[in-house]
Amino acid sequence: MAIAFDELRILLIEPSDVQRKVITQHLNQAGIQHTRGASTIAEAKEEILRWQPDIVTSAMYFEDGTAHELIQFINRNDLHDTLHFMLVSSEHRADQLEQFKQAGIIAILPKPFTPEQLQRAITATMDLMEPELLHLELYDIEDLRVLIVDDSLTSRHVLRRVFENLGVEIFVEAENGQQAIDILEEHQFDLIVTDFNMPEMNGRELTQYIRNSSAHAHTPVLMVTARANEPQLANVKQSGVDALTDKPFEPAAIRGLISRLLDQQ
Numbered sequence: 001m002a003i004a005f006d007e008l009r010i011l012l013i014e015p016s017d018v019q020r021k022v023i024t025q026h027l028n029q030a031g032i033q034h035t036r037g038a039s040t041i042a043e044a045k046e047e048i049l050r051w052q053p054d055i056v057t058s059a060m061y062f063e064d065g066t067a068h069e070l071i072q073f074i075n076r077n078d079l080h081d082t083l084h085f086m087l088v089s090s091e092h093r094a095d096q097l098e099q100f101k102q103a104g105i106i107a108i109l110p111k112p113f114t115p116e117q118l119q120r121a122i123t124a125t126m127d128l129m130e131p132e133l134l135h136l137e138l139y140d141i142e143d144l145r146v147l148i149v150d151d152s153l154t155s156r157h158v159l160r161r162v163f164e165n166l167g168v169e170i171f172v173e174a175e176n177g178q179q180a181i182d183i184l185e186e187h188q189f190d191l192i193v194t195d196f197n198m199p200e201m202n203g204r205e206l207t208q209y210i211r212n213s214s215a216h217a218h219t220p221v222l223m224v225t226a227r228a229n230e231p232q233l234a235n236v237k238q239s240g241v242d243a244l245t246d247k248p249f250e251p252a253a254i255r256g257l258i259s260r261l262l263d264q265q
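Per UniProt numbering, the sequence shown starts with residue 1, numbered consecutively.
Right, here's the structure in full:
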């Protein structure tokens, strides 16, 4: 059964008492009634196991660690199926943020954030938690064959969950472009979803292979990457990528892209 908006449980992890109160007030104004707070990584770990929140909203830096350690803790305890992570930070350096984008978090909110930004992040979480079948004109969604290529296990997990919520049942996963090519030599797919930065072979090189392959040249390619806005990706579409979107992504955006890519054929 889908959870109601006002039933969401959010754990807010913020070292500043003042900031914690301000963000809690924003959450209450957005309609979130069930919140708890923690000021350290240690407190947060205890609260996660004890309370089992739906969403963790966390700052980046603490006196006893970083938000990245929290994400690792969530993954080690196999909580990523039920617990969603939202980062709230004034950090703007791309290299610092990329590890969070690659970790499959649902949103990165700036400090300070607007009510609209908070609402979009919570809505994205609800979309991830609530299955809603996608109806396509040219395909039966349960027969759709999807190849997911990403070196991040967590990112593959989040993408797979989005597709499962849409009704997709047939998946194959690869950790890099070369592994994907080995799979493509044996199997056909209706959609290929790939990251850009990967070891051995990146997403652009994989896409070029696909477009030069007689067996897969017309297969739609969706690139989901942590660096969608960087200049080095400006010419990625010229390599044959059909659509490009950023990490973290909104499930509704993925839904729209899939509809456009598959129903325009």
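Even glycine gets a Cβ: it sits at the ideal position worked out from N, Cα and C.
Quiz prompt | Counted within 10 angstroms of its Cβ, other Cβ atoms place V18 as buried (16 or more) or exposed | solution = exposed
Quiz prompt | DSSP-derived helix/strand/coil call for W51 | solution = helix
Quiz prompt | Pair within 8 Å by beta-carbon distance, L191 and V162 | solution = no
Quiz item: So what's P110 in DSSP terms, helix, strand or just coil?
Solution: strand
Quiz item: How is the alpha helix (DSSP H) around T154 delimited, first residue to last?
Solution: L153 to L166
Self-check item: Neighbour-count burial assignment, Q102, 16 or more Cβ in a 10 Å radius
Solution: buried
Quiz item: What is the C-beta distance between L153 and A174, in whole angstroms, given that I count them as a contact (C-beta under 8 Å)?
Solution: Actually they do not touch by this definition, with Cβ atoms about 12 Å apart.
Practice problem: Assign A107 to buried or exposed, taking buried as 16 or more other Cβ atoms, counted over all protein chains shown, within 10 Å of its Cβ. | Solution: buried
Quiz item: What's the C-alpha gap between S239 and Q29?
Solution: 45 Å
Quiz item: Any contact of the stretch 87–101 with the stretch 43–55, i.e. 3+ C-beta pairs under 8 Å?
Solution: no
Quiz item: To which residues of the same chain is N176 closer than 6 Å at the C-beta, ignoring the five residues directly before and after it?
Solution: D151, M198, P199, E200 and M201
Self-check item: Supposed contact pair L134 and L166 - C-beta distance, whole angstroms, cut 8 Å
Solution: 4 Å
Quiz item: What are the partner residues of S259, as DSSP defines its beta bridges?
Solution: DSSP output for S259 lists no bridge partner at all.
Self-check item: For D246, the three-state DSSP class (helix, strand or coil)
Solution: strand
Quiz item: If you drop the 5 nearest sequence neighbours on each side, which residues of the same chain put their C-beta closer than 8 Å to that of I181?
Solution: M201, L206 and Y209
Self-check item: In chain order, each beta strand (DSSP E) run of at least 3 residues that lies wholly inside the UniProt domain "Response regulatory" (9–126)
Solution: 9–13, 34–38, 55–58, 84–89 and 107–110
Quiz item: On the premise that T245 lies in contact with V224, defined as a C-beta separation below 8 Å, what is that separation, rounded to the nearest angstrom?
Solution: 6 Å
Quiz item: Between which two residues does the alpha helix (DSSP H) carrying E205 extend?
Solution: G203 to R211
Exercise. Could you round the C-beta distance between L8 and I23 to whole angstroms and report it? I think they count as a contact, below 8 Å.
Key: At roughly 15 Å, the Cβ-Cβ gap does not stay under 8 Å, so L8 and I23 are not in contact.
Quiz item: Beta-carbon separation of G31 and R20 under 8 Å?
Solution: no
Practice problem: Could you spell out where the beta strand (DSSP E) holding A180 opens and where it closes? | Solution: Here A180 belongs to no beta strand (DSSP E); instead the alpha helix (DSSP H) covers G177 to L184.
Exercise. Answer yes or no: do I10 and H26 have a C-beta to C-beta separation smaller than 8 Å?
Key: no
Self-check item: Selection from H84, T219 and E164 that minimises the alpha carbon distance to Q52
Solution: H84
Exercise. Can you give me the start and stop residues for the beta strand (DSSP E) that F189 sits inside?
Key: Run containing F189: none; DSSP gives neither H nor E here.
Self-check item: Separation of Y139 from E130, as counted between CA atoms
Solution: 22 Å
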